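Quick notes on the structure that follows.
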Amino acid sequence: MATDTLTAVQQEYEIVIGLEVHTQLLTDSKMFCSCNTHYANDEANTHICPVCMGMPGVLPVINKQAVDFTFMVGLALNCSIPELAKFDRKNYFYPDLPKGYQISQYDMPFCVNGSLEITVNGAIKKIGVTRAHLEEDTGRLVHSANNWGEGYSLVDWNRAGIPLLEIVSEPDMRSPEEARLYMQKLRSILVNLGVSSGKMEEGSLRCDANISLRKHGETKLGVKTEIKNMNSFRAVQRALEYEAQRQMEVLSNGGVIVQETRGWVETRGVTVSQRVKEYADDYRYFPEPDLPHIEVARNWVEGIRSQMPELPDARRDRFIRDYALPIGDAELLAGDRAIAHYFEDTTAALQGDDIAGRARLAANWVMGDLSRLLNASETEISNCPISAPHLAALIDAVTQGKITGKQAKDILERAYQTHESPDAIIQREGIASVSDTAAIEAFVQEAVTTNPKAVADYQKGKGNAVQFLIGQVMRLSKGSAKPDVVQPILIAALDKLAQ
Amino acid sequence: MELTRDEVMRIAQLARIKLTEEEVTSLASQLSNILGHIAAMQEVDTSGVPISASILPVTNVMREDAAEPSLPIDEALANTPEREDNFARVKAVLE
Ligand SMILES: [Zn+2]
Chain A
1247 MATDTLTAVQ QEYEIVIGLE VHTQLLTDSK MFCSCNTHYA NDEANTHICP VCMGMPGVLP
1307 VINKQAVDFT FMVGLALNCS IPELAKFDRK NYFYPDLPKG YQISQYDMPF CVNGSLEITV
1367 NGAIKKIGVT RAHLEEDTGR LVHSANNWGE GYSLVDWNRA GIPLLEIVSE PDMRSPEEAR
1427 LYMQKLRSIL VNLGVSSGKM EEGSLRCDAN ISLRKHGETK LGVKTEIKNM NSFRAVQRAL
1487 EYEAQRQMEV LSNGGVIVQE TRGWVETRGV TVSQRVKEYA DDYRYFPEPD LPHIEVARNW
1547 VEGIRSQMPE LPDARRDRFI RDYALPIGDA ELLAGDRAIA HYFEDTTAAL QGDDIAGRAR
1607 LAANWVMGDL SRLLNASETE ISNCPISAPH LAALIDAVTQ GKITGKQAKD ILERAYQTHE
1667 SPDAIIQREG IASVSDTAAI EAFVQEAVTT NPKAVADYQK GKGNAVQFLI GQVMRLSKGS
1727 AKPDVVQPIL IAALDKLAQ
Chain B
3 MELTRDEVMR IAQLARIKLT EEEVTSLASQ LSNILGHIAA MQEVDTSGVP ISASILPVTN
63 VMREDAAEPS LPIDEALANT PEREDNFARV KAVLE
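In order, the protein sequence lines correspond to chains A and B. Residue numbering for the first sequence follows our numbering, beginning at 1247 and increasing consecutively. Residue numbering for the second sequence follows our numbering, beginning at 3 and increasing consecutively.
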């Protein structure tokens, strides 16, 4: 949808969005049984047992690691951790739910009243987190048809019982962009904590959104719809942009919004109404009789807090403080733990006393040329063929005038492809910047002779003619001349011609 | 409080139970009686009484996160009415 259509919605209405995010937790065994969670490459139904299948007479036992992970997330989201928590049964019938109920948490979740900060247009905005609670994932349905075209479904319960953390936000987001930023920030926190693989495309991280419109100044919330099936950050933003526009059309034609679940259809770029499973009241939650309460001693929580790794926001603030990075760069570099480490390692390995200067160089190379190479080859920075010290040596060679920036970019790209160290390429091929005045004068002479029009332009006072001629000299030197050395020699030559 | 016929039918539908007309009538009165008992209990002042959703004398029963082998596939799917390869086969379900 075009941005101007969204602007039209926002002129008349305030968009109100809240998100429910589910993430699988990276435990080795399931939430309430010992089945192995690493089922991705295995046959259907090879990771199931009497407990996760809900056979009569079995008893679930809580996986402590999943609870620890939940507290880590709660603390990272500035939540309160109540001293008493319990599990409840959420009852409904669906083939992907082998027990006929899902063990979840209803009125006494592990984490409540938190918040998360997003950066919107350079300003920090706080989004409330209502609660985070632990539950179990369902199985997976595959749809099929027989030779007569009659549809049926196949069920794989390998996923049933995987620990699932649900994080519910307050309806604090005011645009689809804010919803996407919240989702990206939350993913960054979860992945940094090492509790989630964060893969939206594979469904290990999922997002449902509640969205409604209301007239500006209205304090009562409008009727909301719930949007599902958004499998990427981009889909979150696009689906909500579409839905905001759809709701506005309904309202401005005098219609009313029906509270319903709608699915995002990526290929068509629309949301469509989905069949309702049950009404919320009909889940008939009741306390899980097979699981005792959990008393959360304060030293348990403090023990978790003391083991927490540095989080993106704290790291961003540290990068601004210690390296004087602008907030945008700091946010970008701090968001991913591996990228942050690479940046810091590069900065540390660079020569010179000016930390801010070194950090700026490292940030530019890591976010610029290196990121481009990594993205193009779909490589994680942890598998980068060029180590941080090697990148630092390359940057140092530019700073010291041994090679030009242009040469460095070429060497980086070649070293990236061949897995050699940049230094080895420089040594072997004897690459060095040309600062030899005689050689540059020859190139300048050639550029001036072969480009009389540019020379004439210069004499008429057109400043950009100089840039053009410097470019010609660079080209003739195959990038080995340094522009700041070329410029005075070129201007001297041009001025001499004018006399 | 008296449950209506529709309310009984709705509860039966949620529990996937088929009821005859006679059963609906008799269940309406039985369930109404049960709700009456609950309503009477709810009149008791329980402020200051600790929650008793669990009557178990234990808390914090947990296990370490260690994976163990699951069931062999034929045992795991032994109760499945219809099977196709390694999957359980069910009526078409729309996502
Ligand atoms: Zn199991």
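Ideal Cβ placement from N, Cα and C applies to all residues, glycine included. Since we're looking at a predicted model, the values are computed, not measured.
Residue-chain proximity (residue i, chain B), Cβ-Cβ < 8 Å
{"i": "residue 1281 of chain A", "result": "yes"}
{"i": "residue 1555 of chain A", "result": "no"}
{"i": "residue 1443 of chain A", "result": "no"}
{"i": "residue 1635 of chain A", "result": "no"}
{"i": "residue 1518 of chain A", "result": "no"}
{"i": "residue 1319 of chain A", "result": "no"}
{"i": "residue 1605 of chain A", "result": "no"}
{"i": "residue 1531 of chain A", "result": "no"}
{"i": "residue 1339 of chain A", "result": "yes"}
{"i": "residue 1615 of chain A", "result": "no"}
{"i": "residue 1548 of chain A", "result": "no"}
{"i": "residue 1397 of chain A", "result": "yes"}
Where the beta strand (DSSP E) containing residue i begins and where it ends
{"i": "residue 1412 of chain A", "result": "1409–1415"}
{"i": "residue 82 of chain B", "result": "Element bounds for residue 82 of chain B: n/a, residue is neither H nor E."}
{"i": "residue 1376 of chain A", "result": "1369–1382"}
{"i": "residue 1389 of chain A", "result": "1386–1391"}
{"i": "residue 1454 of chain A", "result": "1451–1461"}
{"i": "residue 1347 of chain A", "result": "1347–1350"}
{"i": "residue 1340 of chain A", "result": "Premise fails: residue 1340 of chain A is in no beta strand (DSSP E) and is neither H nor E."}
{"i": "residue 1536 of chain A", "result": "From DSSP, residue 1536 of chain A is part of no beta strand (DSSP E); its letter is neither H nor E."}
{"i": "residue 1270 of chain A", "result": "1259–1270"}
{"i": "residue 89 of chain B", "result": "89–93"}
{"i": "residue 1511 of chain A", "result": "1507–1511"}
{"i": "residue 1327 of chain A", "result": "Segment: none, residue 1327 of chain A is in no beta strand (DSSP E) and carries neither H nor E."}
Beta-carbon proximity of residue i to residue j, cut-off 8 Å
{"i": "residue 1293 of chain A", "j": "residue 1404 of chain A", "result": "yes"}
{"i": "residue 1196 of chain A", "j": "residue 1672 of chain A", "result": "Outside the shown range of chain A, which is 1247 to 1745, sits residue 1196 of chain A, and nothing can be said about it."}
{"i": "residue 1668 of chain A", "j": "residue 1627 of chain A", "result": "no"}
{"i": "residue 1609 of chain A", "j": "residue 1589 of chain A", "result": "yes"}
{"i": "residue 1264 of chain A", "j": "residue 1417 of chain A", "result": "yes"}
{"i": "residue 1385 of chain A", "j": "residue 1344 of chain A", "result": "yes"}
{"i": "residue 1604 of chain A", "j": "residue 1616 of chain A", "result": "no"}
{"i": "residue 21 of chain B", "j": "residue 14 of chain B", "result": "yes"}
{"i": "residue 1415 of chain A", "j": "residue 1376 of chain A", "result": "yes"}
{"i": "residue 1613 of chain A", "j": "residue 1642 of chain A", "result": "no"}
{"i": "residue 1323 of chain A", "j": "residue 1361 of chain A", "result": "yes"}
{"i": "residue 1406 of chain A", "j": "residue 1298 of chain A", "result": "yes"}
Distance between residue j and residue i (C-alpha atoms, nearest Å)
{"i": "residue 1342 of chain A", "j": "residue 1665 of chain A", "result": "47 Å"}
{"i": "residue 1460 of chain A", "j": "residue 1420 of chain A", "result": "11 Å"}
{"i": "residue 1585 of chain A", "j": "residue 1670 of chain A", "result": "25 Å"}
{"i": "residue 1516 of chain A", "j": "residue 1497 of chain A", "result": "18 Å"}
{"i": "residue 1742 of chain A", "j": "residue 1424 of chain A", "result": "59 Å"}
{"i": "residue 1533 of chain A", "j": "residue 1356 of chain A", "result": "15 Å"}
{"i": "residue 1601 of chain A", "j": "residue 1466 of chain A", "result": "52 Å"}
{"i": "residue 1646 of chain A", "j": "residue 1639 of chain A", "result": "10 Å"}
{"i": "residue 1312 of chain A", "j": "residue 80 of chain B", "result": "30 Å"}
{"i": "residue 1268 of chain A", "j": "residue 1487 of chain A", "result": "22 Å"}
{"i": "residue 1535 of chain A", "j": "residue 1594 of chain A", "result": "56 Å"}
{"i": "residue 1252 of chain A", "j": "residue 1457 of chain A", "result": "14 Å"}
{"i": "residue 1442 of chain A", "j": "residue 1651 of chain A", "result": "39 Å"}
{"i": "residue 1572 of chain A", "j": "residue 1266 of chain A", "result": "32 Å"}
{"i": "residue 11 of chain B", "j": "residue 1337 of chain A", "result": "17 Å"}
Cβ-Cβ separation, residue j to residue i (assumed contact under 8 Å), whole Å
{"i": "residue 68 of chain B", "j": "residue 1280 of chain A", "result": "7 Å"}
{"i": "residue 1637 of chain A", "j": "residue 1592 of chain A", "result": "5 Å"}
{"i": "residue 1426 of chain A", "j": "residue 1483 of chain A", "result": "4 Å"}
{"i": "residue 1554 of chain A", "j": "residue 1321 of chain A", "result": "6 Å"}
Residue i beta carbon near ligand 2 (any heavy atom closer than 7 Å)
{"i": "residue 1276 of chain A", "result": "Absence of ligand 2 is noted for the structure shown, with ligand 1 being the only ligands found."}
Enclosing alpha helix (DSSP H) for residue i [first to last residue]
{"i": "residue 1489 of chain A", "result": "1479–1498"}
{"i": "residue 1710 of chain A", "result": "1710–1722"}
{"i": "residue 1359 of chain A", "result": "Here residue 1359 of chain A belongs to no alpha helix (DSSP H); instead the beta strand (DSSP E) covers 1357–1366."}
{"i": "residue 1695 of chain A", "result": "1683–1696"}
{"i": "residue 1641 of chain A", "result": "1634–1645"}
{"i": "residue 1320 of chain A", "result": "1310–1322"}
{"i": "residue 8 of chain B", "result": "7–16"}
{"i": "residue 1437 of chain A", "result": "1422–1439"}
Min CB distance residue i to chain A below 8 Å
{"i": "residue 46 of chain B", "result": "no"}
{"i": "residue 93 of chain B", "result": "yes"}
{"i": "residue 75 of chain B", "result": "yes"}
{"i": "residue 63 of chain B", "result": "yes"}
{"i": "residue 72 of chain B", "result": "yes"}
{"i": "residue 86 of chain B", "result": "yes"}
{"i": "residue 79 of chain B", "result": "yes"}
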